[in-house]
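Taking it in order: structure first as structure tokens, then the write-up.
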């Protein structure tokens, strides 16, 4: 069985079925005694040797062989004993009982990557500690300050359940477990507020992302009535109630959710995501805004749930990349480059942080989505041009996809 997706794309429509664990589970379902994985034309990386998925007790032997050894290995007899490794993680929960019928859940994941024992790091170096100052000590800190404030404050229309989730980095495990084993019935939950990466508010753009405003008709009016002048921040909203953090688990229980995020950065999932880079003033601005939003929530009678279109439901397939980090909170026309990986096609073409890509070859780029669609038209080895604005200049850079 091959590792990866059949079209060898970084963002394939087959992604939901391409995970090793999914393939193994399907093999078990159809009676396989074992699975031998190999690569498609040497395009996938060798396995790291690190256990990075949860294996159920009925697991079968799973092996990897280099493609050059498949023919000889396919006829070999394999004897193995499967040792199932289990570990227990814990959500940490606090409850403020205001003796009300409904409860607001306020959450932030407490886990990070450690020494990358379970994978997920973007570094190739081994043995480096990942402290996760922004992802997600910052979110936990904001949650704890809200816990302190709300335990003594005036907003008492709801009870408050504070949850520091575990296992978020392994696939929202803690929040998924909680919604299936809730301490308070899910139909008694007014809403869920989630904090993930609130420590790197850009000191120039000063934008706080608020996801999930489409999950209730209450959200937009509440957000629009809060003046941000005194917070020195700008609010950018997104409709979708799902994403790659713990609020998603609650959305699928028909619970209105909001997810707060100060933006991606070059230290994401790297050992360099450390305390010295945290914008503490920006964290306070975010906290203060969220506290005032909770005040608005306390003034409404109910928070009805409305489903939203899943922004991630439309898969775009592309086999190449420029090796850049897009600025996901840039709201101008084009794609603003937030980081450039060394020795990748974008770096070799001369792209710099702050450049705004407005065209890729003949394809106009007005957003991250259009950039991704443009990438899907290219293959490795293709040559193109990148039209950018840099300050007041418009420049055309030649690029070759590798």
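In the numbering used here, the protein residues as written are 4 to 405. Ideal Cβ placement from N, Cα and C applies to all residues, glycine included.
Here residue 333 is buried: its Cβ has 16 or more other Cβ atoms, across all protein chains shown, within 10 Å. Contact fails between the stretch 214 to 223 and the stretch 164 to 180, because fewer than three Cβ pairs, one in each stretch, are under 8 Å apart. In the displayed model, residue 92 falls within coil according to three-state DSSP, outside both helix and strand. By the neighbour-count definition (other C-beta atoms within 10 Å, threshold 16), residue 26 is a buried residue. Taking 7 Å as the cut-off, the beta carbon of residue 350 is found closer than this to the beta carbon of residue 343. Rounded to whole angstroms, the separation of the alpha carbons of residue 372 and residue 326 is 16 Å.
Linking residue 199 to residue 136 through their CA atoms gives a straight-line distance of about 11 Å. Excluding the 5 residues flanking it on each side, residue 97 has same chain C-beta neighbours closer than 7 Å at 150, 165, in chain order. Along the stretch 271 to 326, the alpha helix (DSSP H) occurs as fully enclosed runs of 4 or more residues at 283 to 300, listed in sequence order. For residue 179, the enclosing alpha helix (DSSP H) stretches over residues 176 to 183. DSSP places residue 226 inside the alpha helix (DSSP H), whose first and last residues are 222 to 227.
In the three-state reduction of the DSSP assignment, residue 204 falls in the coil class. The alpha helix (DSSP H) runs of length 4 or more contained entirely in the stretch 334 to 392 are, from start to end of the chain, 348 to 352, 371 to 378.
Cβ neighbours of residue 275 within its own chain (closer than 6 Å, five residues either side excluded): none. For the 7 Å CB-CB criterion, residue 242 and residue 311 form a contact. Residues of the same chain with a CB within less than 6 Å of the CB of residue 278, apart from the 5 flanking positions on each side, are 136 in chain order. In this structure, residue 178 and residue 249 form a Cβ contact; the two beta carbons are roughly 4 Å apart against a cut-off of 8 Å. Around the beta carbon of residue 268, 16 or more other beta carbons lie within 10 angstroms, which makes this residue buried. Exposure of residue 184 is indicated by the presence of fewer than 16 other C-beta atoms within 10 angstroms of its C-beta. DSSP places residue 250 in the helix class (H, G or I) of the three-state scheme.
Counting the other CB atoms within 10 Å of its CB gives residue 397 a total below 16, which places it among the exposed residues. Rounded to whole angstroms, residue 191 and residue 38 show a C-alpha spacing of 45 Å.
About 4 Å separates the beta carbons of residue 253 and residue 195, which is inside the 8 Å limit, making them a contact pair.
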